[in-house]
Amino acid sequence: MLKKIFTYGFVEGISKGLNKLVLLLLPLLISTIDYGKVGLIVSIEILIPLFSFLGLERAVLRFYSDKENYPSFLKSITLPILSFHVMLVIFGLGLYFLGFKSIFGIEVLPDIILVIILVYLQGKNNIILNVLRVEENHNNYFKGRITIQILKFILALGLVAISKNYLGYILGSIISACIANIIFSRLINHKESKMKFNHLTFKKMFSFSWPFIFHGIAINLLGNADKFIIERMMNMEKVGQYTFAYSLGTTISFAFLGISVFIEPMVYKEHHAGARERLLNKFLLYTLTIGCLFYLALALISEFFLPLYFSQYAKVLYLIPLISLCYLLIPFYFKSNYKLVYLQKSKEFAVLSIISCSINILLNIFLIPRFGLFAGVLATLISFVIQGILFNIVAEKKIASMELIYFLILSGIIFIAVRTNLHFIYVFVILCIYIILFYVFKVKGRQNEIESCP
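To convert, count from 1 in the sequence shown and add 24; that's this note's numbering.
Given below as structure tokens:
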């Protein structure tokens, strides 16, 4: 298992690394204001598919292994998604001709219309990748994942370098997604692609997936709403600075992606409670350990490397390790997330996510006038803590659990480190001690208890 986890981690790290590298290199090619626009465009690029894909990408992960029970499975998912994106383009054009020329400083035409097209193409690729994950078709998954990001890296950066304009990012991304679509078309089951839309299959999938629309919007607003609020309360230059710090700080998520991509489908296919719990505990241990190492690397880079090449962002470099610390809480959320998906409790997902998102938005509105860009870090941390507590209580079906205690201890460590801006070496040592104790008492110490689960 470790070999596959590290392979997935390497592939996801390369893929996400190339994506982040694009955002890291763009400030060298365009102005801070244009870079701020890219930051907002990336946020829109993330937010649109959360409702435009109707939550059906999660249905692929959960039900594709049982597709024999659902006639014309993929066709009944992809056709509604295509139709919805066509309606979005028509709606966007309608807004433009009614006089709504821009939203949050981003032009409706061509910017947002092009982003809608980009979202559809990228989402279609992601559905195929999800199918490969469920089938455990590792080689094709690795090739596809890397191909998409290499194409985007070359074309997006290339067009920005030529045009000296933020639009090059959107156009390069669209062209790369189109090429990937053509390459991926051979991976689709042609027999299924010829089937007709099945109403009953779609009804079953949508009854499971619709709460994920609200969950996805809420969770990603939690991670992106701060940029829009900063644009309103401060200016586009501040958005550019915060986007730079946030883009680098969140690269700690690389530590989680490879492991989650590999383990998530296994969790849904595992029907023995004890074996499923062992998988999830290993997931926590691996992600926290690798995440701790990522935190140290980001702190060192922010301290010694970035000031040499990005002097215009010097005032926000201290935010990078602080943002990465907040994301060390995410593995606990993921564990509760996977449990709820397995139990098909998607409505609970939606409610908890909306609560967490609403708190985050209110915190940003309240804190940004008082703390400036640092408020984004505080709001993220507090929101992640509340989110983790709520999801844990619902997933574990009890208010107090050992899982929650471990989460609260880590939350306390991170809150003190962020609020006092504690030196990263001290933080790293404390985190290492926490992980060792977590392994001894949570993973190793309770192994016999887990094995006795029914």
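Glycine included, every Cβ here is placed at the ideal spot set by N, Cα and C.
Source: prediction; values computed, not measured.
{"Asked": "Start-to-end residues for the alpha helix (DSSP H) that takes in Thr313", "Found": "297–324"}
{"Asked": "Sheet register partners of Ser348 (DSSP bridge)", "Found": "Looking at the DSSP assignment, Ser348 forms no beta bridge with any residue, so it has no partner."}
{"Asked": "Gly118 and Asp250 closer than 8 Å at C-beta", "Found": "no"}
{"Asked": "Validate contact between the stretch 119–126 and the stretch 32–52 using beta carbons, cut 8 Å, 3 pairs", "Found": "no"}
{"Asked": "Straight-line Cα distance separating Thr267 from Val158", "Found": "34 Å"}
{"Asked": "Selected residue, minimal CA-CA separation from Val113, among Gly129, Pro134, Ile127, Asn93", "Found": "Pro134"}
{"Asked": "Asn21 vs Ser407 beta-carbon contact at 8 Å", "Found": "The question about residue 21 has no answer here: the residues shown for the chain are numbered 25 through 478."}
{"Asked": "Touch test, the stretch 345–356 against the stretch 308–326, Cβ-Cβ under 8 Å, three pairs minimum", "Found": "yes"}
{"Asked": "Cβ-based burial, Arg443 [other Cβ within 10 Å; buried from 16]", "Found": "exposed"}
{"Asked": "Anticipated Cβ contact below 8 Å, Ala83 with Ser233, distance rounded", "Found": "5 Å"}
{"Asked": "Ranges of the alpha helix (DSSP H) found wholly within the stretch 381–430, counting only runs of at least 4", "Found": "398–420"}
{"Asked": "Complete alpha helix (DSSP H) runs within the stretch 44–87 (minimum length 4 residues, chain order)", "Found": "56–76, 80–87"}
{"Asked": "Among Val110, Ile354, Ser425, the one whose alpha carbon lies nearest that of Thr274", "Found": "Ile354"}
{"Asked": "Spatially closest choice to Ile439 from Phe34, Ala403, Leu428, Lys421, by CA coordinates", "Found": "In the sequence on display, residue 439 carries Phe and not Ile. The residue with the shortest Cα to Cα distance from Phe439 is Ala403."}
{"Asked": "Under 8 Å between C-beta atoms of Ile437 and Ile413", "Found": "no"}
{"Asked": "Exposed unless 16 or more other CB atoms sit within 10 angstroms - verdict on Leu156", "Found": "buried"}
{"Asked": "C-alpha gap between Val35 and Asn150, whole angstroms", "Found": "15 Å"}
{"Asked": "Alpha-carbon to alpha-carbon, Lys293 and Ile474", "Found": "The predicted position of Ile474 is uncertain, since its pLDDT is 46 and thus under 50; a value taken from the coordinates is nonetheless stated next. Near 18 Å, if we compare the C-alpha coordinates of Lys293 and Ile474."}
{"Asked": "Reference Glu69, options Leu195, Val340, Asn205, Lys363, closest by Cα", "Found": "Leu195"}
{"Asked": "Beta carbon of Leu309 nearer than 8 Å to that of Met290", "Found": "no"}
{"Asked": "8 Å Cβ shell around Thr102 - same chain, five flanking residues per side excluded", "Found": "Lys148, Ile151"}
{"Asked": "Check whether Leu175 and Ile203 have beta carbons under 8 Å apart", "Found": "yes"}
{"Asked": "Proximity to Leu74 [Cα-Cα], best of Phe415, Pro235, Asn305, Leu397", "Found": "Pro235"}
{"Asked": "Straight-line gap, Ser377 to Phe415 (C-alpha atoms, nearest Å)", "Found": "9 Å"}
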